[in-house]
Each structure stands twice: as structure tokens, then as C-alpha cells.
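Chemist: Quick one: structure below, then a few questions.
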Amino acid sequence: MRRFLLRRAVELVIVFFGVTFLIYAMVFALPGDPVAALGGDRPLSSAVVAAIREKYLLDEPLVVQYLHYIGGVLTGDLGETFDGRAVSERMEVRWPVTIVLALTAWLFEVVIGMALGLIAGLRHGRGVDRAILVGTVLATSVPVFVLGVSLQLVFGLWLRWLPIAGTDAGWPTAYLLPSLIIALFGLASVARLMRGNVVDAMRSDFVRTLVAKGMTQRSIVGVHVMRNSIGPVMTFLAIDLGYLLGGAVVIEGIFNLPGIGQLMFQAIRAHEGPTVVGVATALTLVFLLTSVVVDILSSLLDPRIRRE
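Structure below.
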């Protein structure tokens, strides 16, 4: 177990530095001068521009800038925006919206995805099974922004059932449409994964033995089939929670939700490099830590994983 944890820790450090350097390099390569854009129609004086460029090391090589930035991250400092505000403070007020959005989407994946997978598995080869398979393919084929605008048009403007922007209506009303759209891809994957596990379990010898002993189908499915099918699905769901937090960028922009994704969206449009890098770094950390926790829990449940 100690070697497994050490190996995961080394992988975590390598991936963290690799991803953050890649993010920093991409922001560094963006066209345009972010300092010049601060003044808008009224250009800043040369003295102010020089002071800002010196403060943020904008004239230094990429590696020097990155090492200075990552040194601050390791002490809990995600840097400052060009107007002097701490990136961590800007993110602090945005996290609750994104977390509620991601958890609501995750709830859709758990309830709807597993239910569809169970139904399809128990009706394997029948019309319901084929309909669910086709539906999951369609759900993952439509681009997110097309689906978002379409649902806004139908449920927000035509039927007036749900709000199309903002969080004024509170949870769950304001979060239903955006969280459902974010959840669709993971929901379809959960349904297909659950279906395959249920089909395999229903064909196994232990189920035939239980049927021969006279156990009812409800007991077989509710206790034995579910227990053997749910493990890989829960692993996928745990990892997917990290993706949901990072996948809110486009949806929060479309539905005008004041979360981390919208902050990233606005920062990209404004060429606000420190905010883009800070948000991306925080999301990377969340995803990596979630993955490590899932790996550790999985290894505790199945010792074979530690030997891989």
C-alpha cells in the first residue's frame, strides 16, 4: 500500500506541474497585449505600463514567469489580477454556484443514468433497451451550446417553465436546465456502463444458482445484481465529479450563472491572464485530488488495483 501511495503521489506531482506549465504557456502565447487592453480607449501612460509589466514579470522569459507563479501557488497564492485584486478572492465568491451546479448534474447522473442502465440491462435486446442505447448516443452527439440554446428556447421562452439565466430563482429551479445539459454526457456513459454490468451479472452462474434456489427476481436484482454491477459505475461517477466542475465554463456562460466557469469565460474575453491561469490551476488541483482519492478508495476495495 505504501508503494502504491508513493507512486500515485509522484504521478500527481508530475501531472500537476505538466498541466499547469501547459496552461501557463498557452496563456503566455495568446495574441495581443493585456496591459495595453486595460486602458481601453484611453491608453495608459508609459510609466504605468512599465510598472505593471515589471510587477507581473511580463518582460521575463516564460520559464521565469512560470517558476515565480508556481512558487506562489505552492504557498497558497494564486496571484493578482492586473487591477490588483487577489484571484483567490474572486474565485471564493464564485465556487458555491459551480459546486451546486456540479452536484446537481452529478445527482442526475446517479439517479437517471443508473436507472436507465438497470432498465436496459434487465430488458436486454428488447425495444426499451434499443431505445435507451439510441438515446444515449443522441445525447452525446449534440454539441453543448446547441443543446443549451435549444432548451432555453423551449422550456424558458415557449413554455415558460424554467428560467433561462441567473440564479435568482434559487435551487433547484435555476439549476435544472444547465445541470441537465452538463450531466448528459456522463449520464449516457453511466447508463451504458451500468447496462453492460447488469447484462454480465444476469448471465453469471451465481444468478442461475439463485434462480434455481427459488429466490425472487426482485431480491436477485436488488441485492446481488446491483452489488456486483455498481462498483465500476461508482468509480466512474467519482472521477466524473472533477470533470463536472471543470465542464461548467460554457454552460455558465450560456445561462449567465455567476460561477467559476463564467469567471473563466469573462477572463478569457478580457485577456486577464492571471485569472485564467488561477482558475485553471484550481480546477486541475480539484480533478487530480479527486482522482487520487478515488484510486485510494478503489485500491482498498480491490487489492488487485495496487499491484497494477
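Note that full-length UniProt numbering numbers the sequence shown so that position 300 is 300, with each residue one more than the last.
Using N, Cα and C, we set each Cβ at its ideal position, and we do this for glycine too.
(1) Please work out which residues of its chain come closer than 6 Å, Cβ to Cβ, to residue 240, disregarding the five sequence neighbours upstream and downstream, and give them in chain order.
(2) In or out: residue 195 buried (at least 16 other Cβ within 10 Å) or exposed?
(3) Using DSSP with H/G/I as helix, E/B as strand and the rest coil, what is residue 86?
(4) What is the rounded straight-line gap between the Cα of residue 154 and the Cα of residue 244?
(5) Going by alpha carbons, who is nearest to residue 81 out of 220, 206, 178, 279?
(6) Return the Cβ separation of residue 263 and residue 91 in integer angstroms, given the expectation that the two are a contact with Cβ distance under 8 Å.
(7) Rounded C-beta distance between residue 294 and residue 238? I'm assuming under 8 Å.
(8) Keeping to the same chain, check which residues put their C-beta closer than 8 Å to that of residue 151; ignore five residues upstream and five downstream.
(9) Could you say which of 94, 251, 292 lies nearest to residue 13 if we only look at CA atoms?
(10) Classify residue 68: buried if its beta carbon has 16 or more other beta carbons within 10 angstroms, exposed otherwise.
(11) Measuring only the C-alpha atoms, how far is residue 8 from residue 213?
(12) DSSP three-state label for residue 80, please.
(13) Taking the CB atoms as reference points, tell me whether residue 311 and residue 221 lie closer together than 8 Å.
(14) Is residue 106 helix, strand or coil by DSSP?
(15) According to DSSP, is residue 59 helix, strand or coil?
(16) Cα separation between residue 71 and residue 78?
(17) Counting only the same chain and skipping the five closest in sequence on each side, list residues whose C-beta sits under 7 Å from that of residue 66.
(18) Determine the DSSP secondary structure at residue 75, reduced to helix, strand or coil.
(19) Going by Cα to Cα distance, which pick from 84, 123, 100, 250 is closest to residue 167?
(20) How many Å lie between residue 164 and residue 146 at the Cα?
(21) Taking Cβ to Cβ, would you say residue 133 is nearer than 8 Å to residue 120?
(22) How big is the Cα-Cα spacing for residue 268 and residue 148?
(23) When DSSP labels each residue in this structure, what does residue 168 get in the three-state scheme?
(24) Could I get the ranges of all uninterrupted alpha helix (DSSP H) runs contained in the segment 103–164, with 4 residues as the minimum, in chain order?
(25) Which same chain residues, not among the five before or five after residue 297, have their C-beta less than 8 Å away from its C-beta?
(26) Using 8 Å for Cβ pairs, my map puts residue 287 next to residue 242. What's the rounded Cβ distance?
Modeler: In short, the structure shows the following:
(1) 186
(2) buried
(3) strand
(4) 24 Å
(5) 279
(6) 7 Å
(7) 4 Å
(8) 177, 180, 181
(9) 292
(10) exposed
(11) 45 Å
(12) strand
(13) The structure shown does not extend to residue 311, since the chain is modelled only from 1 to 308, so the question has no answer here.
(14) helix
(15) coil
(16) 10 Å
(17) 21, 24
(18) coil
(19) 100
(20) 14 Å
(21) yes
(22) 21 Å
(23) coil
(24) 114–122, 127–141, 144–151
(25) 238
(26) 4 Å
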